[in-house]
Amino acid sequence: MPRLPGLASLHVLQALARGVEYGFDICSETGLPSGTVYPALSRFERDGHVRSFWEDAARAHREGRPPRRYYRISAEGRRALETMLADLGVAAARRARPARTRS
Amino acid sequence: MSRTLARMLVACSRWIVPEESRDEWRREWRAEIDTLAASGGSAWRFALGAPRHAWALRRAAWSPASALADVRFGVRWLRRRPWFTVASIATLALGIGATTGMFSVVYGVLLKPLPYREPDRLVQLYETNPLFNWTEAAVAPGNVISWRERTRTLDGIAWYMASSTRASGLSSVTLAGDDPSRAQALAVSANFFDVLGVAAARGRTFLDGEDTPGRHRVIVLSHEFWRRQFGADPAAVGRSLTLNGIAHEVIGVLPAGFQFDRRETDFFIPLPARVDDLRAVRVPHIFRAVARLKPEATLATAQTDLSAIAADLEREFPKSNKQMGVGLAPIDDWFVGPSRRPLTLFLAAVGLVLLMACANVAGLLLSRADERRREMDVRAALGASRRRLIRQLLIESMIVAAIGTALGVAIGAAGVRLFLDQAPAGLPRVDDIGLNGAVVVFAAGLAVLTMAVIGLVPALQAARRDVRLGSGVRIAGGPQPLRRLLVAAEVAIAVVLLVGTFLSARSFGALVSRDPGFEIAGLTTVRVSLPAQPYGNDGRASSFYEEVLSRLRARPAVKDAGAASVLPLDGAGWTGELFIENQPGVHFRELRHRSITSGYVETMGLRLIAGRSIAASDRDGAELVVVINETMARRFFANQNPVGQRVAFDPPSPAVRWRRIVGVVSDEPQESLGTPILPEVYDAEGQEEFRELAIVVRSGLPAADAIAEIRRAVRDVDPALALFDAATFEERVGRSVARPRVAAALVSAFGAIALVLAGVGIYGVAASAVASRAREIGVRLTFGATTADVLRLLLRQELSVVVIGLAIGGVIAALAAGVVSAMLYGVSAHDPVSYTAAAIALLGVAIAALVVPARRALGVDPAVTLRNE
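Dropping the structure here:
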């Protein structure tokens, strides 16, 4: 069970669980600065709670921008999130469905 | 604009990210920034998180496991090359040990603040007088009182009894008991501890007025004496101690670590004298004085102030104070001044040795790194980053440095212990020397420094090369010119230290082989001090000594016995003025002065050149007689017979006491073996009534038995007396040359270490040269070069470096000669024998160091070398 330094990380994980995928989006969703979000994302990835992927380069190129990296919470990550919330005495978060942003 | 800024932030932070993730990291951040900028957000604010992220990744990438793996690999590698590893560690340990040890001594003696309040505000006062060649003389009591009353710049002046050397005038007092023993006391003014700013650890120090007769039977103990004599009894304060037959009350104990000038002071007693009585005493200079500057005063203003007072005193007391001036010196300068220069020199020498050691180890590691090129290349091909490889080298260097430093500190501590056991008497503040906090910090700083030097240099060197496989035929690097420069510098340093070694060895040899002028073997001496009661007057002291001496002479084993107030090599003596009856122009001011009994001249084995020596009949009531030494006869009576002439110690006047010269004896050493002999008179103890004499006995007995004989003779006459300073003359001679002996030993040790280090350095560079030129040598041999040609090639390159170093070192040593010439005896600072010996020693070591690589060069099989390409 990775030790999380604080509630900030919890917010990040929650956002991921709700389906937010891109780093910048997580920042604006949670209101946290990038200097907090990205280290948290790297940590989660190292611990296996989150997986990252690179956007399909062709698609991004078509849209005239460089391919971005996006993050998805893993099953392990969801379990960790539930445990954390349970530890905090919060009722189980509603399971969010990953938003469909691409066709 | 915002986007450019953001990109710059990312670009800068990129380097923090571990190499493997760097590109990917940059891509991610740039993508986010571009997206953000395109949608109108504040990109640069977003990018502020980039450095933090980069740091987080770097910290995560460092795992204890990987560092541990590096350490394990490094240890394994070092263990597979035991000679190299041991040599490197030993070299470092020697260098650091010597430096740490020397620094301990220097810190204890020179740097550690004195145990007084604000010691930099304390000054030592002394009197000067060009008429007598006085530069730092003791002070007359009346003058001190006048200064105290008239000064505007000094906050308090305290005084204490002086001796004729710089040291404080310890008096030996006898403690009553079953076995009367002796202690060293210093008599001081009542405000002594107040001026120094020292409070008692137990009880109190002296009160105002306790230095007047009647209130003066109080004692303040030193910490050490309290431990020794009273067993650290907490109830010691208030107890009574009998000194010289008189009871004194213990009123206080000083804190541990307190010492004044010399560590042998057992306790302090007040100097009982009324101020009005002291004021009248302006001729005998028997005090020394310390004072505290007022907060607004400086050394310069105080000097001006006191000089003005001295000028006033000269007018008021024209006879006693003629041309009597005053001087001040900071108190730590006064205590340690004479030792400052040699100690600083030693520290510099030792620093040089450490530098040599570091340079050597760096060179050794460098040459190893060269050999590991192939290994590095393979590791790089398998994916190790350059940073990783550098880290590997760094860790290996640090392992060597860490072990070397730890060993070095241990060696330093042992060295300090050894030095303290052999410490020459009179080295100030010896108790302050030890491995303490400051020294540990110094050693740690040294460790870091050496790790940086020996760790980074090879690592950076390695980094400069391209660690990639398959770059084809490469020109071998070989030892860089920098390393050759280092070797030349090492040789130069070694030359300087070796010249110092030979100079001090020859100087010491000259000192001890000097003919002392008397037969040393079989001479034993013991000092006896007679208390004022009952020996104060009526010739009782002389009778006592004559009685003891005749008892001693009666013993069958004793060949001869005598006594003197001051012995040769005592380090102190009386100096007085000389006037000669028929030579009115003579006013000699540096006359040495001793009182002897009958039998002294015979016991010491001095030659009687003319007349007779002192006899038992030369007592109070008979004509005053003296015996003079050969130097005095030669100087003042060159063309006449001194026997029969008369001399005086005061200016001729109707009332002056003339003394008749009755004999001339050969010279005896005075203060030490090395000091030039001054004219000296011996007067008769029977006519001068000294109460403290040193009894000298010549016998065939072993030391302990001879001392026992003296003790028995003394106790037979008076059982209540204490005897002290028992020693044979061999021991005394040894003690008197202790300081030059220790200095010579230290310098020799440094010289030897420097020689070894230079040799190692030369070997290292030569080995590297041979390794890198193996192919070239192979080619040459194949195409007809003889072994002589190859050798010439190699030696010419390496030896030329050594010769350059020799020349530079020789010049530096010659230039620095002036600095050390004052410390040498009997040999010039440009002594050609020493320089030649140093050069020969170094050349010998250099050639020895070149033998192995040279043989290896010749053993190179050209076919093998060429095949390797």
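In order, the protein sequence lines correspond to chains A and B. One point on numbering: in this note's numbering, the residue at position 47 of the first sequence is 71, and numbering is uninterrupted. One point on numbering: in this note's numbering, the residue at position 387 of the second sequence is 479, and numbering is uninterrupted. Cβ coordinates follow ideal geometry from the N, Cα and C atoms, glycine included.
Heavy atom of the ligand HEM less than 6 Å from the Cβ of residue i, yes or no?
i: Ala421(B); result: No copy of the ligand HEM occurs in the structure displayed, which carries no ligand at all.
If we call anything under 7 Å between Cβ atoms a contact, is residue i one with residue j?
i: Ser94(B); j: Trp136(B); result: yes
i: Thr593(B); j: Val197(B); result: no
i: Ala229(B); j: Tyr218(B); result: yes
i: Ala279(B); j: His315(B); result: no
i: Arg598(B); j: Val919(B); result: yes
i: Ala39(A); j: Ile97(A); result: no
i: Val53(B); j: Asn721(B); result: What is shown of chain B runs 93 to 961, which leaves residue 53(B) out entirely.
i: Val44(A); j: Glu53(A); result: yes
i: Gly166(B); j: Ser58(A); result: no
i: Pro205(B); j: Arg150(B); result: no
i: Phe350(B); j: Leu313(B); result: no
i: Ser926(B); j: Leu595(B); result: yes
i: Thr192(B); j: Val501(B); result: yes
i: Thr617(B); j: Ala786(B); result: yes
i: Ala584(B); j: Gly187(B); result: no
i: Ala493(B); j: Thr542(B); result: yes
i: Arg89(A); j: Trp78(A); result: no
i: Ile378(B); j: Gln216(B); result: no
Check the DSSP bridge columns for residue i and list the partner residues they point to.
i: Phe68(A); result: For Phe68(A), which the question treats as bridged, DSSP gives no partner whatsoever.
i: Asp652(B); result: Arg790(B)
i: Trp226(B); result: Asn221(B)
i: Ser76(A); result: Tyr95(A)
i: Arg294(B); result: Val345(B)
i: Ala161(B); result: According to DSSP, which records beta bridges pairwise, Ala161(B) is partnered with nothing at all.
i: Arg752(B); result: Val717(B), Arg738(B)
i: Leu214(B); result: Arg384(B)
i: Ala421(B); result: Gln216(B)
i: Gly668(B); result: Leu683(B)
i: Val310(B); result: Glu341(B)
i: Asp712(B); result: Ala714(B)
Starting from residue i, follow the beta strand (DSSP E) in both directions and report where the run begins and ends.
i: Pro962(B); result: No answer is possible for residue 962(B): the residues shown for chain B start at 93 and end at 961.
i: Ile720(B); result: 717-721
i: Pro676(B); result: 675-688
i: Met253(B); result: 246-253
i: Val618(B); result: 615-621
i: His340(B); result: 338-345
i: Ala702(B); result: 700-703
i: Leu101(B); result: Looking at the DSSP string, Leu101(B) is not in any beta strand (DSSP E); the run it does join, the alpha helix (DSSP H), is 94-105.
i: Ile904(B); result: Premise fails: Ile904(B) lies in the alpha helix (DSSP H), 879-907, not in any beta strand (DSSP E).
i: Leu335(B); result: 332-335
Hey, could you find the ends of the alpha helix (DSSP H) residue i is sitting in?
i: Ser196(B); result: 174-198
i: Ile50(A); result: 47-54
i: Leu577(B); result: 573-604
i: Leu37(A); result: 31-42
i: Val236(B); result: 233-242
i: Tyr208(B); result: Note, Tyr208(B): premise wrong, no alpha helix (DSSP H); not H, not E.
i: Ala633(B); result: 632-646
i: Val287(B); result: 284-288
With 7 Å as the C-beta to C-beta threshold (strictly closer), list the residues of the segment 81-103 of chain A near chain B in chain order. Arg89, Pro90, Pro91, Arg92, Arg93
Would you mind listing the alpha helix (DSSP H) stretches within the segment 365-419 of chain B that are 4+ residues and don't spill past its ends, in chain order? 367-371, 391-408
For the segment 39-50 of chain A, which residues have a beta carbon sitting closer than 9 Å to at least one beta carbon of chain B? Tyr46, Gly47, Phe48
Positions along the segment 120-133 of chain B whose CB lies within less than 8 Å of some CB in chain A: Glu120, Arg122, Ala123, Glu124, Asp126, Thr127, Leu128, Ala130, Gly133
Which whole runs of the beta strand (DSSP E) in the segment 761-839 of chain B are 3 residues long or more, in chain order? 772-776, 784-791, 815-820
Anything in the segment 145-156 of chain B with a Cβ closer than 7 Å to a Cβ of chain A? List those residues in chain order, please. His145, Ala148, Leu149, Ala152
Using Cβ-Cβ distances below 8 Å, what residues of the segment 54-68 of chain A are close to chain B? Pro57, Ser58, Gly59, Thr60, Val61, Tyr62, Pro63, Ser66, Arg67
Residues of the segment 160-171 of chain B with Cβ closer than 9 Å to any Cβ of chain A, in chain order: none
Residues in the segment 839-859 of chain B having any Cβ partner in chain A nearer than 8 Å: Of all residues in the segment 839-859 of chain B, none comes within less than 8 Å of chain A when Cβ atoms are compared.
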